[in-house]
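Working notes for the structure below.
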Amino acid sequence: MSYEHPLAYLVGIEGAALLRAFTGEHDREFVEARLAEIRALLADEGLAKGVEVAQLAPRDGYARWAAAYDSGENAAFADEPHVAAILDAIPPGRALDAACGTGRLTRLLVERGHRVVAVDGSPEMLSHAEADSTFVADLHELPVDDGSQDVVLCGLALPHVPDLMPVVAEFARVLAPGGHLVLSDVHPEQVQRGSIPSVRTDGGDPARVRTRQHRVGDYLRAFFAAGLAPVSCQEPRPAPAEPRYVPGGGPWDLWPWSLNGLVPDALAAAAKDVPSLLIWHCRKAG
Numbered sequence: 001m002s003y004e005h006p007l008a009y010l011v012g013i014e015g016a017a018l019l020r021a022f023t024g025e026h027d028r029e030f031v032e033a034r035l036a037e038i039r040a041l042l043a044d045e046g047l048a049k050g051v052e053v054a055q056l057a058p059r060d061g062y063a064r065w066a067a068a069y070d071s072g073e074n075a076a077f078a079d080e081p082h083v084a085a086i087l088d089a090i091p092p093g094r095a096l097d098a099a100c101g102t103g104r105l106t107r108l109l110v111e112r113g114h115r116v117v118a119v120d121g122s123p124e125m126l127s128h129a130e131a132d133s134t135f136v137a138d139l140h141e142l143p144v145d146d147g148s149q150d151v152v153l154c155g156l157a158l159p160h161v162p163d164l165m166p167v168v169a170e171f172a173r174v175l176a177p178g179g180h181l182v183l184s185d186v187h188p189e190q191v192q193r194g195s196i197p198s199v200r201t202d203g204g205d206p207a208r209v210r211t212r213q214h215r216v217g218d219y220l221r222a223f224f225a226a227g228l229a230p231v232s233c234q235e236p237r238p239a240p241a242e243p244r245y246v247p248g249g250g251p252w253d254l255w256p257w258s259l260n261g262l263v264p265d266a267l268a269a270a271a272k273d274v275p276s277l278l279i280w281h282c283r284k285a286g
């Protein structure tokens, strides 16, 4: 169980903005405005209530999210054009979409002529995917033979595993010599800022899918240990957008995005040049 408080988030954003001012990015007027805004936030009785939030295992969380996963807005789906551009340069072959979810990236493989095995730990998510074959399986034990895949694709899944090393080693096991690993994940900087899937429990209580903050170096160490050579690393930035103002910060289901409109200047400073995604292309030695 975790505890989420709107003031904790808002003061955290203000703090991130003030740290950037401390290193020379902003002037005295900006700093004094931030301090005044913090005082006003602390005095706002409408922001005085926090929420106890359950931490769900990924399989349980995504089972609850499956029906609505492809509906509504999800900024993380901005990975698709970047993943597509990498796949465009890879010849058709045998491909595994690991943690395929509802199959939104499986579609990119199928469209490019690959023979696709789609795997996910959630039967509810997997039921929406369309591939040559599908399996309910864990990322630590992929149901394919050693060296049998020309491409392994994995999108928005690795922040949910506690340790990258064994999962990346499993990707390397199933890749053929010269094979390609393509990964897309929410950037760890965004995870730190609250970009974590939210769902409701069967009883309607707030819950989030358990998520870890893997650093860029964690990925590199896992690649090198598994004999995978990075070809490219992209860190796309989010498209500019005005934070939405929701009086009082809105309901928990919209946190933290609905809180951002309460501190637009602090958010702009704290979020400047912070990447939204982390996208890797690696190859196994031939």
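With the UniProt record's numbering as the guide, the letters of the sequence shown map in order to residues 1 to 286.
Each residue gets a CB set at the ideal place from its N, CA and C atoms; glycine is no exception.
Quick caveat, the model's predicted, so the values are computed rather than measured.
Helix, strand or coil: which one does DSSP assign to residue i?
| i | result |
| --- | --- |
| Val116 | strand |
| Ala54 | strand |
| Val168 | helix |
| Trp280 | strand |
| Val274 | coil |
| Ala241 | coil |
| Ala21 | helix |
| Asp70 | coil |
| Val246 | coil |
| residue 287 | This structure does not reach residue 287, given that the chain is present from 1 up to 286, and the question cannot be answered. |
Locate the alpha helix (DSSP H) running through residue i, then write down its first and last residues.
| i | result |
| --- | --- |
| His82 | Glu80 to Asp88 |
| Gly217 | Val216 to Ala225 |
| Ser198 | From DSSP, Ser198 is part of no alpha helix (DSSP H) but of the beta strand (DSSP E) over Ser198 to Arg200. |
| Phe77 | Taken as a continuous stretch (DSSP letters only), Phe77 belongs to no alpha helix (DSSP H), as it is neither H nor E. |
| Leu259 | Trp257 to Asn260 |
| Val110 | Thr106 to Glu111 |
| Leu126 | Pro123 to Leu126 |
Determine the burial state of residue i: buried for a count of at least 16 other Cβ atoms within 10 Å of its Cβ, exposed for fewer.
| i | result |
| --- | --- |
| Tyr219 | buried |
| Phe171 | buried |
| Leu254 | exposed |
| Pro177 | exposed |
Considering just the uninterrupted stretch of the beta strand (DSSP E) at residue i, what are its terminal residues?
| i | result |
| --- | --- |
| Val231 | Leu228 to Gln234 |
| Leu35 | Not the beta strand (DSSP E): Leu35 falls in the alpha helix (DSSP H), residues Arg28 to Ala43. |
| Gly178 | Leu175 to Val186 |
| Glu4 | Ser2 to Glu4 |
| Arg208 | Pro206 to Val209 |
| Thr134 | Ser133 to Val136 |
| Arg94 | Arg94 to Ala98 |
From residue i to residue j, what distance separates their C-alpha atoms?
| i | j | result |
| --- | --- | --- |
| Gly61 | Arg28 | 45 Å |
| Val83 | Asp185 | 11 Å |
| Leu278 | Ala33 | 33 Å |
| Pro162 | Ser2 | 17 Å |
| Asp265 | His187 | 22 Å |
| Glu4 | Glu124 | 28 Å |
| Leu47 | Leu56 | 26 Å |
| Ser232 | Val31 | 38 Å |
| Glu80 | Arg64 | 23 Å |
| Arg173 | Leu139 | 12 Å |
| Arg215 | Glu189 | 9 Å |
| Leu228 | Leu18 | 39 Å |
Taking three-plus beta-carbon pairs below 8 Å as touching, is the region 123-132 in contact with the region 140-160?
no
contact_flag[the region 114-121, the region 81-98] where n(CB pairs < 8 Å) is 3 or more:
yes
Determine contact between the region 195-202 and the region 241-250, defined as no fewer than three beta-carbon pairs at a distance below 8 Å.
no
Quick test of the definition: if touching needs 3 or more C-beta pairs under 8 Å, does the region 230-242 touch the region 195-215?
no
Within 8 Å, do at least three Cβ pairs link the region 166-183 to the region 212-227?
yes
Would you check if there are 3 or more beta carbon pairs closer than 8 Å linking the region 31-50 to the region 7-23?
yes
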